[in-house]
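Asker:
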Amino acid sequence: DIMIVSPTVELGLERLKTVLDILTDAGIILKVTKRRNLKTAVQYLGYGVKAGEIRPNSGKIVALTSLPPPQTVFGVRQFIGLASYFRKFVPGFSQVIKPLYSLTSGRESFVWTTELESIRKK
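Written out as structure tokens, the structure reads:
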């Protein structure tokens, strides 16, 4: 995938021409039917990109928060891995998720509490 971003249509078209010239010189052929030009908002790599802002895809957030609570240490590790995908959008993510990490050490018995459930829903 190639994404060309610019603050104006004119600059975007100029950048598009530059990229296409470089690809042509390199012998790379693009499939015209897959091309989408002049979009003001796109979904890209699981994120929504619009007007210089990057936001998480709301569908992915719903999917993550709709998962049933983990039942095992492995399930907690999986959840932490999935949630980490959105860490840049959660201020203080490492502190928020810290109580979940304590379940993965094996030193504590696995008990899913209401506190942990509220963290999972954040």
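This note's numbering puts the first residue of the sequence shown at 40, with every later residue one more than the last. For every residue, glycine included, the Cβ atom is placed at its ideal position computed from N, Cα and C. Source: prediction; values computed, not measured.
Please name the residue, chosen from V58, V81 and I61, that lies closest to K89 on a Cα-to-Cα basis.
Answerer: The shortest C-alpha separation from K89 is found at V81.
Asker: Contact check, F132 vs P95 under 8 Å by CB: the rounded distance?
Answerer: With 8 Å as the limit, F132 and P95 do not qualify as a contact, their Cβ atoms being about 12 Å apart.
Asker: Which same chain residues end up closer than 7 Å to L121 when comparing Cβ atoms and leaving out the 5 residues on each side of it in sequence?
Answerer: Correct list, in chain order: L103.
Asker: Could you tell me which residues DSSP pairs with E53 in its beta bridges?
Answerer: In the DSSP output, where bridge partners are listed per residue, E53 has none listed.
Asker: Which first and last residues belong to the alpha helix (DSSP H) in which Q82 is found?
Answerer: Q82 -> not in any alpha helix (DSSP H); beta strand (DSSP E) instead, spanning A80 to Y83.
Asker: Answer with buried or exposed for R54, where buried requires no fewer than 16 other C-beta atoms within 10 angstroms of its C-beta.
Answerer: Exposed, since its Cβ has fewer than 16 Cβ neighbours within 10 Å.
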